[in-house]
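Right, one structure below, let's go through it.
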Amino acid sequence: MSDAATKVYQGDSKVLRLFEELSRIPRGSGNEKAVSDFVADFARQRGCEVFQDDRHNLIIRKPAAAGYESAPAVIFQGHLDMVCEKNKGTEHDFEKDPIRFKIEGDMIYADGTTLGADNGIAVATAMAIIDSPELAHPELEILLTTEEETSMGGAFHLDASPLKGRMMINFDSDREGMLFVSSAGGINLYHTVQAGWQEKGMDAGEPYTINVHGLTGGHSGDDIIHERGNANKLLGRVLDDLRRHTDFALAGVNGGMKVNAIPREAEAAVYLTPEGRTIAESRIAEINRTLRDEYSVSDSGVSVMLQAGWDADGAGAASSGRVFSDEAKAAVIRLLALIPSGVISMDKAIPNLVRTSSNLGVVTTGEQEIVLQSLARSSLRSQTDDVVRWMETLAETAGCGFSQDSYFPGWPYRADSKLRPVFEAAYEREFGKPLEIKAIHAGLECGVLIEKMPDLDAVSYGPNLYEIHTPQEHLSISSVERTWTFLQEVLRNIKS
1 MSDAATKVYQ GDSKVLRLFE ELSRIPRGSG NEKAVSDFVA DFARQRGCEV FQDDRHNLII
61 RKPAAAGYES APAVIFQGHL DMVCEKNKGT EHDFEKDPIR FKIEGDMIYA DGTTLGADNG
121 IAVATAMAII DSPELAHPEL EILLTTEEET SMGGAFHLDA SPLKGRMMIN FDSDREGMLF
181 VSSAGGINLY HTVQAGWQEK GMDAGEPYTI NVHGLTGGHS GDDIIHERGN ANKLLGRVLD
241 DLRRHTDFAL AGVNGGMKVN AIPREAEAAV YLTPEGRTIA ESRIAEINRT LRDEYSVSDS
301 GVSVMLQAGW DADGAGAASS GRVFSDEAKA AVIRLLALIP SGVISMDKAI PNLVRTSSNL
361 GVVTTGEQEI VLQSLARSSL RSQTDDVVRW METLAETAGC GFSQDSYFPG WPYRADSKLR
421 PVFEAAYERE FGKPLEIKAI HAGLECGVLI EKMPDLDAVS YGPNLYEIHT PQEHLSISSV
481 ERTWTFLQEV LRNIKS
């Protein structure tokens, strides 16, 4: 067997066997055709009706089991794509390489990359449902969407008219024992600075890289409440401090990979004179002492380094001999320092729920411009709009461009849900304790789909996943097994 075909998981869970098989197919956002075709063929071979649209969304219909013909149809929903992040130095091509599993006790990790359990575990569970003729269930419509991790583009472009079900189980949650019943909306925001390239002066000094690394990162919705360090913001803090103590030329800034992930690494390419280097080393040493105190709990490995030369994978994307104009340098540093990133407000009615936040997720230096991309989230549209105005005013102050796209709506709580009591009763029977009902700050596709089907009764559930959107992502084997058993109990009890 080749490495790509070698099976690591040797247990009995049908869901996890299918998840490992699925993980051999690259499926980053925007690259879902192959996985969509794979799942569609899998369903057709088992006698299911399949609808596949031009965005590679799938609707798979499995008829009701005997005795459930008069029960209402239920939608089981997840997304086909995954966040593609890897550790620095990890050789992995997300366009063609399989995700390689590592098992440590009860946990499955990937080898230096995101695992893709978000939301591959939903896809594998859907495949297990399709592949289990013995299950007792009403008619099922399995809805698997694309581009959820970047824009929810698949859900937005979905023609929902073939769907008959008006109860939906979204399987994109990450905490067993918690049923999610509401989520935040959000929007992508962009600040764009023209680089105004100019030749570096003869007295500019030598090239150096300022590198911020060692941060924990995480999901910009689920993990924003933990107030972990944001590498882009910390880089801005370093540059803002440095400009107050010495002159330097700035030739590139890059940080983060995905706007919905809290960035773990960021870099700046600078030119420093010998005197400037001495000052920079001193300031960075002081900043490191400060950051170790501030982030001793959330990001104990945080570090800022000054290295001679440019890192070809990061800040070194800037062309040798060119630097930002003074205006561009000032604008970039101001934006890095002032763009809000983190918790903006907490919900006053629900304890420990973030109401509004923003994440400065990606900073890139291109041929002509520097783009700083943020993702703002809120459960209130009015506060989303307020953050947009805030960001727009900041752009006017900094003298840079501003734009927005990929708005997705929040998912409102439904007091008269018929599906929620089924989950609560099944959980009490299965585990002898109450199911926890929660609202979340992360974005789910439920809001988009409810706009298309206003009478949709939705809940969200899933097994235990940890550190999603980071290369430390892992999932619990035993939790997947329990959740699969629990889901079967839920489906057995949807009869009216």
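For the sequence shown, the residue numbers in UniProt numbering are 1 to 496. A virtual CB, placed ideally from N, CA and C, is assigned to each residue, including glycine. Here the structure is a predicted model, which is why all the values come from computation and not from measurement.
For the segment 164-175 against the segment 342-359, do three or more pairs of beta-carbon atoms, one drawn from each stretch, fall closer than 8 Å, so that the two count as touching?
no
Ranges of the alpha helix (DSSP H) found wholly within the segment 135-169, counting only runs of at least 4
153-157
Which residues in the same chain have their Cβ closer than 7 Å to the Cβ of proline 207, if we skip the five residues on either side of it in sequence?
Ala269, Tyr271, Gly309 and Trp310
Identify, in the order they occur along the chain, each residue of the same chain with its Cβ nearer than 7 Å to the Cβ of glutamate 369, setting aside the five sequence neighbours on each side.
Thr192, Val193, Gln194 and Ala195
Which residue spans inside the segment 51-120 form an unbroken beta strand (DSSP E) run of at least 3?
Listed in chain order, the beta strand (DSSP E) runs fully inside the segment 51-120 are 58-62, 74-79, 101-104 and 107-110, counting runs of at least 3 residues.
By alpha-carbon positions, which one of His219, Pro274 and Glu367 ends up nearest to glycine 256?
His219
Going by the beta-carbon positions, is the gap between glycine 214 and glycine 301 smaller than 7 Å?
yes
Around the C-beta of alanine 312, are 16 or more other C-beta atoms found within 10 angstroms, so that it is buried, or is it exposed?
At alanine 312 the pLDDT is 49, less than 50, meaning the model places this residue with poor confidence; the figure from the coordinates comes in the next sentence. The residue in question, alanine 312, is exposed, as its Cβ has fewer than 16 Cβ neighbours within 10 Å.
Would glutamate 473 be called buried (16 or more neighbouring beta carbons within 10 Å of its own) or exposed?
buried
Quick one: Cα of glycine 314 to Cα of valine 253, how far?
Low per-residue confidence applies at glycine 314: pLDDT is 46, beneath 50, and the placement is therefore not dependable enough to give any value.
Applying the criterion that 16 or more other CB atoms from any shown protein chain within 10 Å of the CB defines a buried residue, is phenylalanine 42 buried or exposed?
buried
When we look at the beta-carbon of leucine 491 and count the other beta-carbons within 10 Å, is it buried (16 or more) or exposed?
buried
Would you kindly work out how many angstroms separate the C-alpha atoms of alanine 4 and valine 387, rounded to a whole number?
Only weak support is given to the placement of alanine 4: the predicted model assigns it a pLDDT of 46, under 50, and the question is left unresolved by the model.
With a Cβ-Cβ cutoff of 7 Å, do tyrosine 68 and proline 138 count as a contact?
Proline 138 is positioned such that its CB atom lies closer than 7 Å to that of tyrosine 68.
I want to know whether the segment 470-484 touches the segment 107-115 - three or more CB-CB distances under 8 Å.
Yes, they touch.
Roughly how many angstroms separate the alpha carbons of glutamate 481 and valine 15, rounded to a whole number?
Taking the straight line joining both Cα atoms gives about 8 Å.
Could you name the residues that DSSP lists as bridge partners for lysine 469?
Residue 469 is actually histidine in this sequence, not lysine. BP columns for histidine 469 are empty, so no partner.
Residue from Ile130, Leu380, Glu396 and Phe156 whose Cα sits closest to the Cα of leucine 18:
Ile130
Per DSSP, cross-strand counterpart(s) of asparagine 188
As computed with DSSP, asparagine 188 is found in a beta bridge with Leu375 and Asp405.
Between the C-alpha atoms of valine 8 and glutamate 21, what's the straight-line distance to the nearest angstrom?
10 Å
For the pair the segment 404-415 and the segment 180-189, tell me if three or more CB-CB distances fall below 8 Å.
Touching, per the Cβ criterion.
Specify, as a first and last residue, the run of the alpha helix (DSSP H) that serine 182 falls within.
Element bounds for serine 182: not the alpha helix (DSSP H) but the beta strand (DSSP E), 178-182.
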